[in-house]
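Novice: I'd like to ask some things about the structure below.
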Amino acid sequence: MQAEQLRQFVIDKADDMKARDIDVLDVKGKTDVADFMVICSGNSKTHVRSIAEHVATEAKHAGIPPLGIEGGEQSEWVLVDLGDVVLHVMQESIRDFYQLEKLWSQ
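Per the numbering used here, residue 3 is the first one in the sequence shown, and the count goes up by one each step.
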C-alpha cells in the first residue's frame, strides 16, 4: 500500500471509531521516520485506546502489521507506527499541551 493510501486507510479507520479533530501532517522532508502523521483525539482513555487498537487490528487484517504501539497502558497518548504513517491518538488535554501540529509545522 502506498503512503497516500495508507494515510487514507488510517483516517477512515480512526473515523470509524468516532475519533475527533483528525488532522494530517505531511512530514516528508522533515523526518525520515514517516511520510505522514495522523493526529486525532479521543474523549477518554478508553476511547483513545479503542481507536488505536481498532486501527492496529484493521491494519493487521489488511496485511500491514504495526511496527510498534506505544502508550496503550496509560492511554492518554497512544502512538501506532505503521511505517510511512504514524498515528497519534491523544486525549484533548494532552494534545493541547504538546501541540504536535504546531511543532511539525515549523
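No residue lacks a Cβ here, since even glycine has one placed at the ideal position from N, Cα and C.
Checking 8 angstroms against the spacing of the C-beta atoms, do Glu60 and Lys15 come in under that value?
Specialist: Locating residue 60 in the sequence shown gives position 58, counting from the first residue. Locating residue 15 in the sequence shown gives position 13, counting from the first residue. Result yes, Cβ atoms of Glu60 and Lys15 sit closer than 8 angstroms.
Novice: By DSSP's criteria, Ile71 is part of a beta bridge. Which residues make up the other side?
Specialist: As a first step, residue 71 is located in the sequence shown; it is residue number 69 there, counting from the start. Ile71 pairs with Val82.
Novice: How many angstroms separate the CA atom of Val29 from the CA atom of Glu103?
Specialist: The residue labelled residue 29 in the question sits at position 27 within the sequence shown. The residue labelled residue 103 in the question sits at position 101 within the sequence shown. Distance between the alpha carbons of Val29 and Glu103 is about 11 angstroms.
Novice: Which stretch, first to last residue, makes up the alpha helix (DSSP H) that contains Ser52?
Specialist: Walking along the sequence shown from the start, residue 52 turns up at place 50. Per DSSP, Ser52 belongs to the alpha helix (DSSP H) from Lys47 to His63.
Novice: Looking only at its chain, what residues have a beta carbon closer than 8 angstroms to the beta carbon of Gly74, apart from the 5 residues adjacent to it on each side?
Specialist: Taking the first residue of the sequence shown as position 1, residue 74 is located at position 72. These residues qualify, in order along the chain: Arg51, Ala54, Glu55 and Val80.
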